[in-house]
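J.: Just so you know, we're using UniProt numbering here: the sequence shown kicks off at 1 and counts up by one.
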Amino acid sequence: LWQENERLQTMVQNTKAELTHSREKVRQLESNLLPKHQKHLNPSGTMNPTEQEKLSLKRECDQFQKEQSPANRKVSQMNSLEQELETIHLENEGLKKKQVKLDEQLMEMQHLRSTATPSPSPHAWDLQLLQQQACPMVPREQFLQLQRQLLQAERINQHLQEELENRTSETNTPQGNQEQLVTVMEERMIEVEQKLKLVKRLLQEKVNQLKEQKPRYEIRWKVIESVSSDGHEYIYVDPMQLPYDSTWELPRDQLVLGRTLGSGAFGQVVEATAHGLSHSQATMKVAVKMLKSTARSSEKQALMSELKIMSHLGPHLNVVNLLGACTKGGPIYI
């Protein structure tokens, strides 16, 4: 609106300048016309040229007056627009004042609400989140101890909030005592909030520490291998120490991946078409297990251990049949 107002004021000034110039030119023409008229009245002068010049001057004067009339209308339009802009500006100022007043009232109401009826503490949600993060990996005794401390501090905070609400609702208490009581309650609530934050931070640090110490994935199986003919003596073999038989290796260009069949935490299984796996069939539908792009090195080791175990055990009725693997020149496919 201010830019439009500036533009209209500039147009008004230009129009006024043109109007002044037109009036000056009209006065100049009238001054030129007066000597001609006097000369026409002189009997010694010639009549026809003077009359023609007089008529031409009149036409010019009429033309300038016609040009002056639209300019006057334009000036009046500019003046009306300027008045409308001024009215809009005054209305905007009034609305701004009302908005400031409403903002002040809203802030005052929020302040009264926060002091009289404090909102519930968000630590209950934080406790649930920390439980979800910590339960699978934090030792139960340490987690329960920290959980009890956090719940105790939460109960103290809730008790203080209820006591504050009950005390502030008593209308017979003098105003000075109420303000003093509110101040004491606020100080105690701040102290409890600080304790809650401390317990929360300690619990979060413990969770992060245990996350760093314990890997995301552990190999929880071991291969039992017999070392005697009667089968009474055996040893445990780490799957990572098992050799990988390269005869299971399949060229990648003989495998065409298709749609996804399932997905897990770090791996997925897709449908694929394999060429050259069987002498009796040119192509075969297979399920290919692979890792996601976000998998860690420990998860790659786990998938490789699974491949070594399956190749070590060989075909079995109760085990998924291993047909081949791709371990070179790209991601691991089983």
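Glycine included, each C-beta is placed from N, C-alpha and C at the ideal position.
#1: Which whole-angstrom value describes the C-beta separation of Gly267 and Met290, a residue pair presumed to lie in contact below a C-beta threshold of 8 Å?
#2: Return the CA-CA distance between Leu180 and Thr87, expressed in angstroms with no decimal places.
#3: If I follow the unbroken alpha helix (DSSP H) through Met284, where does it start and stop?
#4: Once the 5 residues before and after Pro331 are set aside, which same chain residues still bring their CB inside 7 Å of it?
#5: Since Ala272 sits in a beta bridge, which residues does DSSP pair it with?
#6: Can you give the beta carbon distance from Ile334 to Leu307, rounded, assuming they're within the 8 Å contact cut?
#7: Under a three-way DSSP split, which group does residue 340 fall into?
#8: Rounding to the nearest angstrom, what Cα-Cα distance links Lys197 and Val182 in this structure?
#9: Hey, is the segment 253-260 in contact with the segment 270-279, meaning 3+ C-beta pairs nearer than 8 Å?
#10: Mind checking which residues open and close the alpha helix (DSSP H) that includes Glu306?
#11: DSSP state of Ala17, grouped into three classes?
#12: Enumerate in chain order the residues of its own chain whose CB-to-CB distance from Leu130 is below 6 Å, with the five nearest sequence positions on each side excluded.
#13: Measure the CB-CB distance between Leu8 and Leu29 and report whether it falls below 7 Å.
#14: Label Met240 either buried or exposed according to how many other C-beta atoms from any shown protein chain fall within 10 Å of its C-beta, with 16 as the threshold for buried.
#15: Name the DSSP bridge partner or partners of Gly267?
#16: What would DSSP say about Gly94, mapped onto helix, strand or coil?
#17: For Ala325, count neighbouring Cβ atoms within 10 angstroms of its own Cβ and tell me buried if that reaches 16, exposed if not.
#18: Look at the Cβ atom of Leu277, then the Cβ atom of Leu323, and state whether they are nearer than 7 Å.
#19: Between Leu150 and Val199, is the Cβ-Cβ spacing less than 7 Å?
#20: How many angstroms separate the CA atom of Tyr236 from the CA atom of His312?
#21: Is it buried or exposed for Ala295, if we count other Cβ within 10 angstroms and need 16 for buried?
#22: Would you mind giving the Cβ-Cβ distance between Leu33 and Lys54, rounded to the nearest angstrom? I have them listed as a contact below 8 Å.
#23: Would the beta-carbon of Phe64 fall within 7 Å of that of Ser22?
#24: Does Leu313 have its Cβ less than 7 Å from a Cβ in chain D?
#25: Taking the DSSP output, what are the residues bridged to Gly262?
#26: Could you give the DSSP three-state label for Ile235: helix, strand or coil?
#27: Taking 7 Å as the threshold (C-beta atoms), are Met78 and Val12 in contact?
#28: If we count the other Cβ atoms within 10 Å of its Cβ and call it buried at 16 or more, is Ala282 buried or exposed?
#29: Assuming Ile309 and Leu210 form a contact by the criterion Cβ under 8 Å, report the distance between their Cβ atoms to the nearest whole angstrom.
#30: From Ser228 to Lys328, what does the alpha carbon distance come to, in whole angstroms?
#31: Spatial neighbours of Arg252 within its chain, please: C-beta separation below 7 Å, excluding the five flanking residues on both sides.
#32: Excluding the 5 residues preceding and the 5 following Asp245 in the sequence, name in chain order all residues of the same chain whose CB lies nearer than 6 Å to its CB.
T.: Inspection of the coordinates gives the following:
#1: Here the question's residue 267 lines up with position 267 in the sequence shown. Here the question's residue 290 lines up with position 290 in the sequence shown. Contact holds; Cβ gap of about 7 Å.
#2: Looking up residue 180 in the sequence shown gives position 180. Looking up residue 87 in the sequence shown gives position 87. In the sequence as displayed, the identity of residue 180 is Gln instead of Leu. So the two alpha carbons sit approximately 51 Å from each other.
#3: Counting from 1 along the sequence shown, the entry for residue 284 is found at position 284. That residue, Met284, is in no alpha helix (DSSP H); its beta strand (DSSP E) goes Thr283 to Leu291.
#4: Along the sequence shown, one-based indexing puts residue 331 at 331. The residues are Met290 and Leu291.
#5: One-based indexing of the sequence shown puts residue 272 at position 272. Ala272 pairs with Leu257 and Val286.
#6: Here residue 334 refers to the residue found at position 334 when the sequence shown is read from its first residue. Here residue 307 refers to the residue found at position 307 when the sequence shown is read from its first residue. Ile334 to Leu307, Cβ: 5 Å. Contact.
#7: Because the chain is modelled from 1 through 334, residue 340 falls outside the range shown and cannot be assessed.
#8: Counted from its first residue, the sequence shown places residue 197 at position 197. Counted from its first residue, the sequence shown places residue 182 at position 182. If you take the alpha carbons of Lys197 and Val182, they lie about 22 Å apart.
#9: yes
#10: Taking the first residue of the sequence shown as position 1, residue 306 is located at position 306. First-last of the alpha helix (DSSP H) with Glu306: Ser297 to Leu313.
#11: Within the sequence shown, residue 17 is the residue found at index 17, counting from 1. DSSP places Ala17 in helix when its eight states are reduced to three.
#12: Stepping through the sequence shown from its first residue, residue 130 is reached at position 130. Confidence in Leu130 is poor, its pLDDT being 49 and thus under 50, which makes the residue's placement unreliable; the coordinate value appears in the next sentence. Excluding positions up to five away in sequence, the list reads Leu203.
#13: Counting from 1 along the sequence shown, the entry for residue 8 is found at position 8. Counting from 1 along the sequence shown, the entry for residue 29 is found at position 29. Result no, Cβ atoms of Leu8 and Leu29 do not sit closer than 7 Å.
#14: Locating residue 240 in the sequence shown gives position 240, counting from the first residue. So Met240 ends up on the exposed side.
#15: Translated into the one-based positions of the sequence shown, residue 267 becomes position 267. Leu291.
#16: For the purposes of this step, residue 94 is taken as the residue at position 94 of the sequence shown. In the structure shown, Gly94 sits in a helix (DSSP, three-state: H, G or I).
#17: Stepping through the sequence shown from its first residue, residue 325 is reached at position 325. Under this definition Ala325 is a buried residue.
#18: Translated into positions along the sequence shown, residue 277 becomes position 277. Translated into positions along the sequence shown, residue 323 becomes position 323. Yes.
#19: In the sequence shown, counting from the first residue as 1, residue 150 sits at position 150. In the sequence shown, counting from the first residue as 1, residue 199 sits at position 199. Yes, they are a contact pair.
#20: Translated into the one-based positions of the sequence shown, residue 236 becomes position 236. Translated into the one-based positions of the sequence shown, residue 312 becomes position 312. Approximately 14 Å between the Cα atoms of the pair.
#21: Counting from one through the sequence shown, the residue named residue 295 turns up at place 295. So Ala295 ends up on the buried side.
#22: The count along the sequence shown starts at 1 and reaches residue 33 at position 33. The count along the sequence shown starts at 1 and reaches residue 54 at position 54. About 7 Å separates the two Cβ atoms, so the contact holds.
#23: Your numbering for residue 64 matches position 64 in the sequence shown. Your numbering for residue 22 matches position 22 in the sequence shown. Contact: yes.
#24: No chain D is part of this structure, which consists of one protein chain only.
#25: Walking along the sequence shown from the start, residue 262 turns up at place 262. In the DSSP output, where bridge partners are listed per residue, Gly262 has Val269.
#26: Against the sequence shown, residue 235 aligns to sequence position 235. Ile235: strand per DSSP, three-state reduction.
#27: Mapped onto the sequence shown, residue 12 falls at position 12. Mapped onto the sequence shown, residue 78 falls at position 78. Yes. Within cutoff.
#28: Counting from one through the sequence shown, the residue named residue 282 turns up at place 282. It counts as exposed.
#29: Numbered from 1 along the sequence shown, position 309 holds the residue referred to as residue 309. Numbered from 1 along the sequence shown, position 210 holds the residue referred to as residue 210. Contact flag wrong, Cβ pair sits at about 29 Å.
#30: To locate residue 228, count along the sequence shown from 1; it is residue 228. To locate residue 328, count along the sequence shown from 1; it is residue 328. Ser228 and Lys328: Cα-Cα distance of roughly 36 Å.
#31: Position 252 of the sequence shown holds residue 252. Excluding sequence neighbours, Arg252 sits near Cys326, Gly329 and Gly330.
#32: In the sequence shown, residue 245 corresponds to position 245, counting from 1. Taken in chain order, the residues that qualify are Ser311.
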